[in-house]
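Protein chains in written order, with the numbering used here: chain B, 302 to 947; chain C, 302 to 947. Ideal placement from N, C-alpha and C gives every residue a C-beta, glycine not left out. Because the structure is a prediction, the values reported are computed rather than measured.
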């Protein structure tokens with residue numbers, strides 16, 4: 302913890318123009334934000350009402366009626382506002398900004414005089430504030446409002462929403478803490494911790510940072526706050542299915558500084574870890590950083606899917622045990638992979654270790670991208686690695702797995718989370734320190750950076766991940782600093798040229814480092830991206846003897862549209878030749894992987910098992926497409942891990 | 302439907318003395334019935350109170366307190382009484398009979414004046430009788446009392462319980478039916494239908510038969526009774542997790558005579574099908590018989606595990622879709638396999654087709670036997686085909702799968718169901734018609750049968766399934782009839798000798814038929830029983846490329862105790878030599894299957910997936926034991942279907 306934590310560049314200083322990501326960076330402002338605005342206002346005829354804006358109007362006293370929807374519904378508005386804020390930073394839109402200003406004004410009118418802000422408790426249970434930290438989600442909602450406010454303030458400089466959340470934050474600081482007379486609880490769903498850090502950064506008020514520390518350090522101390530709360534005689538149980546309550550569900554089974562494994566609800570977990578990483582950085586808290594590393598390793602080595610999905614159990618959307626990674630019954634929530642990316646990005650900035658960005662890239666290119674349709678108006682909440690639509694049946698153990706993306710959800714955390722992630726996508730590309738600039742993701746863009754009082758302009762050109770060819774022009778104006786270029790774990794033959802001459806530089810923690818005075822150098826980076834076979838640790842019961850295909854950062858899958866159904870009966874020879882074929886007309890232009898494989902021959906009986914039949918393999922031509930693009934054609938089967946002939 | 306339906310022999314006329322089954326036939330009266338009696342009376346310190354007898358006492362006004370436990374708790378007492386009745390028929394026990402008489406007397410005192418009998422509704426919701434057919438289980442409870450009464454009357458000739466249930470049955474006949482003023486509903490959990498048939502057979506009263514027909518034929522008609530009931534403004538929801546209610550859950554999604562596939566809760570389904578088969582036989586209703594055959598085929602060909610387990614979804618304990626047979630998340634409830642055996646036995650008696658008994662035998666020797674420990678005091682409710690104890694975690698999608706047998710359950714339908722099944726085990730062996738006697742199961746016994754006014758004595762000797770050698774001595778006293786000996790589907794080299802001479806008889810529907818005058822012939826039956834590889838239809842996604850081992854009626858499994866852990870990484874060459882080794886000291890004496898196989902070598906990294914590692918197979922010696930005997934040593938992993946080297 303010698304060096305300061307590196308930081309993102311302001312989004313306004315990065316202009317993205319990337320062949321692979323343009324779809325999303327255009328889609329979000331053009332389609333997704335307007336679509337979601339209509340959903341929030343209950344204006345899409347075949348989507349059930351979300352009640353989001355309506356609830357705020359009722360809380361503001363401007364509409365009559367009953368407050369409806371889940372207790373944490375306000376967060377959908379908050380995350381939409383946050384997405385708008387990021388979007389406005391690189392694509393100004395006065396009409397959209399006016400709409401956002403009006404929503405912010407509405408939120409202000411829905412706020413109570415003492416700063417309290419939450420439509421559910423204000424309207425439905427006004428006497429029960431802070432009496433259900435286990436499941437009431439008041440602090441979770443507060444956190445999302447704070448994140449939106451910090452983003453909107455940074456983009457627009459307007460302080461109305463920031464003032465609103467500061468009043469809310471001040472109420473939290475009065476209400477929660479170690480003093481007698483204060484509430485000694487902490488959030489049932491972590492989120493406000495990382496938001497309080499953002500609020501601290503936006504305002505400089507140490508009290509918000511102090512509350513974030515308090516929440517993180519108090520969590521899991523004995524006696525368990527939630528268990529005590531649940532025993533209160535007048536406790537009102539919102540989610541009976543959580544009973545009997547398992548403190549690990551909310552990572553409160555022990556103090557966070559003692560936890561060795563990632564446990565419980567995956568989104569809760571990664572949001573908590575983000576705050577732990579933030580605090581570790583700000584406080585130079587080596588113990589907390591070490592804990593973050595331990596939890597990270599357990600998660601990504603033993604409890605993460607190849608797609609960057611986390612959360613193996615459909616019930617309670619949670620982590621289970623090491624190597625328990627079922628493909629067809631998992632949760633792998635979109636929001637959890639977003640939180641994983643946020644945590645990994647923080648860790649990369651704390652440690653200057655590129656391996657974190659390998660995981661961040663894995664999550665963004667695969668599960669997060671799979672969470673939204675290519676048209677932007679359909680979403681996955683759950684991201685399985687194997688889908689057999691016939692058995693994704695309501696009223697069964699697999700009811701949580703949907704074989705097609707949905708227009709919206711009763712619990713709709715994912716769609717607005719995707720929107721805020723893709724509108725802030727630029728923030729994942731660079732990390733800047735005092736005399737360091739890290740290039741984390743290979744996304745075509747131009748960026749300007751103040752580096753040692755000099756303005757540096759970076760022009761990054763690439764068709765990644767179609768190829769591993771990246772050109773960086775650094776107009777440094779004489780600034781002297783180290784440029785770090787991430788060497789992806791999958792990269793073969795990684796090499797760097799400076800102004801056409803091969804450079805013999807050094808690699809540091811997975812980054813290629815070039816320290817020099819920068820004037821107008823052109824850096825050429827190239828590495829081989831080709832289809833590769835990935836094997837699964839035999840300890841992963843669900844994948845014994847199976848292989849998956851990757852190409853660069855992308856995990857591939859086989860879809861029924863290309864390979865007919867019954868994909869589970871496919872076998873691949875790990876030594877088979879994998880051909881890559883660019884198809885400009887497919888899925889908006891995509892690289893396919895084609896190969897020869899086998900399929901078990903159909904039986905001549907319809908019996909499920911038999912003593913007389915046996916297994917015959919017949920050759921078959923197979924085509925795989927990127928997992929992030931799956932389910933954009935006719936619904937059907939999909940599979941990532943297929944059997945290998947071993 | 303030309304011939305009359307064949308019938309069971311009275312249990313009292315069969316004396317079992319079978320090396321394989323003696324354990325259970327001794328265990329049930331010696332251990333299980335006394336153990337369960339103590340549980341019913343809340344007398345086992347480390348088993349939470351069942352409240353069963355206590356509830357009856359409270360209903361009888363003989364104890365103060367609050368009625369506790371599930372709504373259908375009375376059935377545990379009823380099934381225990383039914384087990385006692387069967388046990389007394391072949392093992393008289395005056396002390397046990399006195400206890401049973403006292404329980405019966407208590408039941409009588411708990412009965413309302415109008416015949417109503419149900420401790421839950423009598424004590425907790427007296428004003429809500431018959432207002433929750435969806436989930437209240439009143440008719441289900443009534444059915445189990447009727448089954449117990451019919452059994453106790455047949456064994457003891459005592460009519461007290463029969464009188465009680467006739468008063469109850471008469472109340473049902475008044476209450477339910479097509480007339481105006483009658484309730485037009487039917488049971489949310491089928492069971493009373495088959496029980497009413499038993500009551501009809503015990504009493505000869507046609508009204509009970511008529512009500513059984515009414516319930517079966519009304520089920521699933523439009524508009525759906527349960528959907529209507531759930532919409533009643535004062536409906537009290539006992540099981541919120543069933544909402545929104547899926548009529549297929551209770552097989553009420555369409556009239557039973559239109560159903561093509563087995564749907565919904567597996568126990569509900571097979572109990573319903575039993576009644577359909579009963580009615581088909583009594584009424585010579587060919588349409589209903591045809592429907593039973595269609596449902597049977599769908600179930601056993603496409604929705605049944607090799608172990609005779611049914612119910613693929615843990616949530617709602619239900620059927621899902623064809624070929625959806627996950628090994629580690631299934632339900633495969635013990636009660637469901639008992640109901641499957643009951644249905645198959647009825648079908649075999651209706652059709653004289655031995656293939657039904659292949660399935661009955663599969664269920665009894667495997668899942669039902671697995672449902673109880675060799676010591677008799679631990680039970681499985683859920684019977685998975687693959688267990689990894691680490692992930693059988695509470696608060697996850699796999700919480701229903703227990704890695705070890707339990708002492709009792711909050712919903713404890715299975716333990717007493719096993720008790721009544723094994724005490725009535727003799728009834729599965731023979732089926733008798735006018736001039737026909739069918740030998741269905743190869744269990745050592747002596748039996749006496751009235752055949753054309755002559756007393757026939759059968760002495761069946763065998764060590765089956767250790768071998769396929771069966772000796773039958775038929776002391777027929779000159780009676781002329783056809784003896785049918787089942788030819789198991791797995792039997793190789795099936796041959797029959799009569800008095801030492803090879804017989805060239807005929808096979809009919811899977812039975813070997815010998816028609817003659819019987820005096821004192823000795824029939825020698827022999828067929829080869831050897832370990833065999835079973836393949837899985839490639840349509841079963843969970844088992845692609847996997848094989849299982851069987852030997853005769855027994856499915857085998859690999860346990861951690863013999864093969865160390867990580868059993869999922871095992872591979873078998875389908876051509877490997879399978880050796881059978883009798884181990885007298887293991888699990889009370891058992892045949893093991895030993896073979897050479899492979900195991901994927903452990904990786905040198907703990908990462909869940911990797912591009913550098915690959916798959917190496919190392920040879921390993923493997924030992925399999927019968928699935929019915931699993932989990933009787935130290936807890937650990939178990940697997941039925943293992944990968945094959947193909």
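Going by the DSSP bridge assignment, what does residue 922 of chain B pair with across the sheet? B:897
Just reading off the beta strand (DSSP E) that residue 475 of chain C is part of, what are its end residues? Here residue 475 of chain C belongs to no beta strand (DSSP E); instead the alpha helix (DSSP H) covers 461–476.
Give the residues from the region 833–854 of chain C that approach chain B closer than 9 Å (Cβ to any Cβ), ordered along the chain. 833, 834, 835, 836, 837, 838, 839, 840, 841, 842, 843, 844, 845, 846, 848, 849 and 851
Residues that residue 619 of chain B contacts on chain C, provided the C-beta gap is smaller than 7 Å: 697
Which of helix, strand or coil DSSP assigns to residue 302 of chain C: Note that residue 302 of chain C scores 47 on pLDDT, short of 50, meaning its location in the model is unreliable; the coordinates nonetheless yield the value given after this. Here residue 302 of chain C sits in coil by DSSP.
Just checking: is the beta-carbon of residue 716 of chain C within a distance shorter than 8 Å of some beta-carbon in chain B? no
Less than 6 Å between C-beta atoms, sequence neighbours within five positions excluded: which residues of the same chain meet that for residue 470 of chain B? 500 and 509
What is the residue span of the beta strand (DSSP E) that residue 857 of chain B lies within? 855–860
Ignoring anything shorter than 3 residues or poking outside the region 759–827 of chain C, list the beta strand (DSSP E) runs there in chain order. 770–787, 793–799 and 807–809
I need the DSSP call for residue 746 of chain C, collapsed to helix, strand or coil. strand
Could you tell me whether the Cβ of residue 302 of chain C comes closer than 8 Å to any Cβ of chain B? At residue 302 of chain C the pLDDT is 47, less than 50, meaning the model places this residue with poor confidence and gives no usable figure here.
In angstroms, rounded to a whole number, what distance separates the CA positions of residue 732 of chain C and residue 310 of chain C? 7 Å
How would you call residue 920 of chain B, buried or exposed, if buried means at least 16 neighbouring beta carbons within 10 angstroms? exposed
How should residue 537 of chain B be labelled, buried or exposed, when 16 other C-beta atoms within 10 angstroms of its C-beta is the threshold for buried? exposed
Of the residues C:665, C:748, C:386 and C:894, which one's Cα is nearest the Cα of residue 460 of chain C? C:386
Alpha carbons only, please: which of B:811, B:806, B:887 and B:917 is nearest the one belonging to residue 837 of chain C? B:917
Around the Cβ of residue 523 of chain C, are there at least 16 other Cβ atoms within 10 angstroms (buried) or fewer (exposed)? exposed
Can you confirm whether the region 895–909 of chain B touches the region 313–327 of chain C when touching is taken to mean that 3 or more C-beta pairs between the two stretches lie within less than 8 Å? no
Can you pull the chain C residues whose beta carbon is under 7 Å from the beta carbon of residue 914 of chain B, in chain order? 836
For residue 592 of chain B and residue 302 of chain B, the rounded distance between their alpha carbons: Residue confidence for residue 302 of chain B is low, a pLDDT of 48 falling below 50, so the modelled location carries little weight; the figure read from the coordinates is stated next. Cα to Cα, the separation comes out at about 14 Å.
Counting only C-beta atoms, is residue 615 of chain B closer than 8 Å to chain C at any point? yes
Let me know if residue 652 of chain C comes out buried or exposed under the rule of 16 or more other beta-carbons within 10 Å of its beta-carbon. buried
What residues match up with residue 914 of chain B in a beta bridge as DSSP calls it? Paired residues: none, contrary to the question.
Less than 8 Å between the CB atoms is what I'm expecting for residue 314 of chain C and residue 877 of chain C, so what's the real figure, rounded? Not confirmed; about 46 Å, so no contact.
Separation of residue 370 of chain C from residue 697 of chain B, as counted between CA atoms: 25 Å
With three or more C-beta pairs closer than 8 Å as the rule, is the region 477–491 of chain C touching the region 401–415 of chain C? no
What does DSSP give as the partner residue(s) for residue 755 of chain C in the beta ladder? C:752
Is there a C-beta anywhere in chain B that falls below 8 Å from the one on residue 594 of chain C? no
Please list, in chain order, the chain B residues whose beta carbon lies closer than 7 Å to that of residue 692 of chain C. 621, 622 and 625
So, residue 780 of chain B versus residue 819 of chain B, is the Cβ gap smaller than 8 Å? yes
Where do the N-terminal and C-terminal ends of the beta strand (DSSP E) with residue 880 of chain B fall, by residue? 880–884
Three-state secondary structure (DSSP) of residue 620 of chain B: coil
Contact under 8 Å by Cβ, residue 603 of chain C with residue 909 of chain B: yes
For residue 937 of chain B, collect the residues of the same chain with a Cβ closer than 7 Å to its Cβ; drop the 5 residues on either side in sequence, then sort them by chain order. 690, 860, 861, 862 and 866
Quick one: which unbroken alpha helix (DSSP H) runs of 4-plus residues sit fully inside the region 531–599 of chain C? Chain order, please. 567–583 and 587–598
Buried/exposed call for residue 561 of chain B, threshold 16 Cβ in 10 Å: exposed
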